[in-house]
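These protein sequence lines are chains C and S, in that order.
Quick note: the first sequence uses numbering that gives the first Met the number 0, first residue 0, plus one each step.
Quick note: the second sequence uses numbering that gives the first Met the number 0, first residue 0, plus one each step.
Beta carbons are placed, not taken as given, at the ideal position from N, Cα and C, and that holds for glycine.
Okay, structure first, notes after.
Number of protein chains: 2
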Amino acid sequence: MLFVRMGCGYDAASTVADVLVEGDLRGASSHGVTRVKDYYQLVEAKRLCPSAVPEVVYQSPSTATLSGASALGPVVAQRGMQLAIDKARTAGTGWVAVRGSHHFGVAAYYSSMALEANMVGVAMSNGYPLVAPVFCTSRMLGTNPISVAVPALRHSPLLFDFSTASITRSRLLGAAADRVELPRGLVQDALGCPTTDPSTIQRGGAILPLGGDRVHGGHKGFCIGAVVDIFSSLFSGANFGPFVPPPVSYLPLPSERVGEGIGHFFGAIRVDAFRPEQEFRQAVDQWIEVFRTAKGVEGTPGVMIPGEQEQLTKDTRLKDGIPLSPQVVRDLNGVAKVLGCEPIPYTPDSERKNEG
Amino acid sequence: MLFVRMGCGYDAASTVADVLVEGDLRGASSHGVTRVKDYYQLVEAKRLCPSAVPEVVYQSPSTATLSGASALGPVVAQRGMQLAIDKARTAGTGWVAVRGSHHFGVAAYYSSMALEANMVGVAMSNGYPLVAPVFCTSRMLGTNPISVAVPALRHSPLLFDFSTASITRSRLLGAAADRVELPRGLVQDALGCPTTDPSTIQRGGAILPLGGDRVHGGHKGFCIGAVVDIFSSLFSGANFGPFVPPPVSYLPLPSERVGEGIGHFFGAIRVDAFRPEQEFRQAVDQWIEVFRTAKGVEGTPGVMIPGEQEQLTKDTRLKDGIPLSPQVVRDLNGVAKVLGCEPIPYTPDSERKNEG
């Protein structure tokens, strides 16, 4: 209801609510309903246009370019992924480049959309610059997530969803709030020197690419983040690297614009465009079993199958509810009040959420 | 000529020579002509079949599955990438999964093939297991390279080519030969404990994924390596993870086979399937300029544009020749002698190479 009051159509509002709740369900609370307030403030600042309808501006049998027209990120992204799936039905694969979008929540939401269609799903996005390339003092890339969903037969799907930076913004902010030192190799100060201070990001510091410094392969992490940036922006005409706008209204827009909004890139790959579906799914099962039963290091949980932990969290939260911090509830109710919606009844011990 | 004598057709022999020389030209000597001896020994061991002709076994408008039939890796891979390019001409994108292949040399060779067709090229391969997932003592993944080639307008193309492990096998062997300690965070011993000893790999140790341990994001590096493994093997029916056969004949074949040979995955993306070609190329130029001029850390070379260093090396080597170690020349001439070919005239100071 909150998003309808902000100006979204009913379908769009329902998509945004779905995506944010999925973030909380999977334990990615930084991409959950905590974003309602951010989205609201971006709407108020006229950086988001809730009533906008994304439009296909270019296409081929297996591709399309979608202009998001500054609609809410989840609305644009859901449309983009659906388009990729539709293209794949006839062409075998579908690939959609998106511009003019915004923060889209958990990438796994979109890659997973392909599963029901017997497809492998791919979703990626660029983001507000926080990561410095190796040997650079400036923040040039976002933490640029990639998600890949792979359908299995008897097992749950493989669900990869990872940022291409050495540490995510939310983990960094958490460490800064708790005043704990980081291990070396995750961040640098404004001069590009190694530091363990998580608050360095507030004083011109930067996150290192996955790998860390040059000797630990940070240049490879930079490559991966750069490929996500390029796929998300240059095919579609979105802003790239340092020009990607922030996901919150209290940060200023970059001084220069080189494209439209944030960019995403989606892919859907029909499994039976390569081999019979059953054969593929059996092979995925076998892959999962071989990796799950690999010998673990003593005193550790052993090999973690991508997506398994998040699925467990989701199962628990679907049963027991989602724990929300008092601050998130206050923020949600603040937005609800301004928009004339009912507040969430908040009981600190059994915290449940309903919104939409 | 060496490869013709091994049993390749003329075209196939020329492709293999081209690919290996490209490795040396780009400075990736571990994927250069040093492999001639390895390939020869694999042929002798009947693990490679030089006269085999790869065959398309499955397809859709934008995809195909290629069975390599144990032909030499570069022959299979070149055919796979060409097929992807051909598919992209009509479908907008082309994606080819390959099984029954072998070591394919430098991945950048294949991704670059797309450039002339005004396409972005993607090439990846799984490989012999050397990398342990986080919390695991076993070697489950190869160093699984990814290469992406992106055409620019006035600038040289962007050419990404990186392994998804924290350190490559060749750098590791180099450090072991030189008896130098590695920095922490690159390898582990047979029990999964951190070590700085590069020879640990010979005693059951393993390379860490890009990122290193859990706290430095090694689980993300594992995800990337796993995605390359899955794309390279499960779409095509190649061996995956721990079952990938070794690239040399002196290592035994894995005790179990779950597919055919090594797997690759190739992609070709027509730039004008997303936006007008000129616009895209201009945006790539702009991307390169923005990253090249980003502020460097004092005392460092600053941001390195992917592919630039390798292009400089290639330009120099095309002019001055390729330096080959005496051992590589001895190996080449050893193979030449057995096959009844002329040896390379070797003068230690001005080392040049000709073979094929």
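Other residues of its chain near residue i: CB distance less than 7 Å, five sequence neighbours each side excluded
i	result
R25/S	V105, A107, E309, T312 and K313
V15/C	F2, C7, L71, P73 and V74
R4/C	L338, G339 and C340
Q281/C	L152
E255/S	F242
A113/S	I84, V119, G120, A148 and A267
A293/C	V302
D17/S	none
G236/S	R98, G258 and E259
Chain S within 8 Å of residue i, Cβ atoms only
i	result
G195/C	The displayed chain sequence assigns Thr, not Gly, to residue 195/C. Not closer than 8 Å to any Cβ of chain S, the Cβ of T195/C fails to qualify, so no.
M112/C	no
A175/C	no
V289/C	yes
S61/C	yes
M123/C	no
D348/C	Only weak support exists for where D348/C lies, its pLDDT of 49 falling under 50; the coordinates are left without a value.
A282/C	yes
S66/C	no
M0/C	no
R351/C	Caution applies to R351/C, whose pLDDT of 49 falls short of 50 and renders its modelled position unreliable; the model cannot decide the point.
S162/C	yes
R269/C	yes
P92/C	Note on residue identity: the sequence assigns Thr, not Pro, to residue 92/C. Yes, T92/C counts as interfacial toward chain S.
Partners in chain S for residue i, counting only beta-carbon separations shorter than 8 Å
i	result
L129/C	The contacting residues do not exist; L129/C stays about 14 Å from chain S at best.
G79/C	By Cβ distance, chain S contributes nothing, its closest Cβ being about 12 Å from G79/C, past 8 Å.
G72/C	Simply none; closest approach about 20 Å.
Within-8 Å CB hit, residue i to chain C
i	result
S425/S	One cannot answer for residue 425/S here, as it falls past the ends of chain S, which runs 0 to 355.
R168/S	no
M139/S	yes
F265/S	no
R202/S	no
V105/S	no
T299/S	yes
D10/S	no
A189/S	no
K318/S	no
Residue from the options whose Cα sits closest to the Cα of residue i
i	options	result
F221/S	G295/S, T163/S and A151/S	T163/S
K336/C	D23/C, K36/C and D10/C	K36/C
G258/S	L250/C, A174/C and V283/C	V283/C
Q201/S	W94/S, V328/S, L129/S and I287/S	L129/S
L65/S	G31/S, H215/S and I261/S	I261/S
V20/S	G31/S, A148/S, E54/S and S13/S	G31/S
S165/S	P150/S, V133/S, P156/S and L157/S	V133/S
A205/C	T62/C, V186/C and V227/C	V186/C
P180/C	D188/C, D196/C, G191/C and R170/C	The sequence given here has Glu at residue 180/C, not Pro. It is D196/C.
S29/C	G216/C, L172/C and T299/C	L172/C
E288/C	P156/C, L233/C, G298/C and A225/C	P156/C
T142/C	P251/C, H102/C, A175/C and P150/C	H102/C
With 16 other Cβ atoms within 10 Å as the buried cut-off, status of residue i
i	result
Y109/C	buried
N353/C	Since pLDDT at N353/C reaches only 49, below the 50 mark, its modelled position is unreliable, and no value is offered.
K318/C	exposed
R88/S	exposed
Y38/S	buried
G203/S	exposed
K219/S	buried
T315/C	exposed
Q285/C	buried
D23/C	buried
C192/S	exposed
Proximal residues of chain C, C-beta to C-beta of residue i below 7 Å
i	result
Q285/S	V257
V226/S	V147 and F159
A272/S	S59 and T62
Cβ-based neighbour list, residue i, same chain, cut-off 8 Å, excluding 5 preceding and 5 following
i	result
E276/C	N117 and V270
Cβ-based neighbour list, residue i, same chain, cut-off 6 Å, excluding 5 preceding and 5 following
i	result
G91/S	R269 and A272
F264/C	A96, M123, F230 and S231
T62/C	W94
P253/C	F242
Chain D contact for residue i (CB, 8 Å cutoff)
i	result
I261/C	You won't find chain D in this structure, because its protein chains are C and S.
Chain-ordered neighbours of residue i on chain S, where CB pairs are closer than 9 Å
i	result
S165/C	G210, H215, G216 and K219
K294/C	C135, T136, S137 and G191
L185/C	V214, H215 and G216
Where residue i meets chain S, residues with beta-carbon distance less than 7 Å
i	result
I229/C	V149 and W286
Chain-ordered chain C contacts of residue i [CB-CB under 9 Å]
i	result
S235/S	F273 and R274
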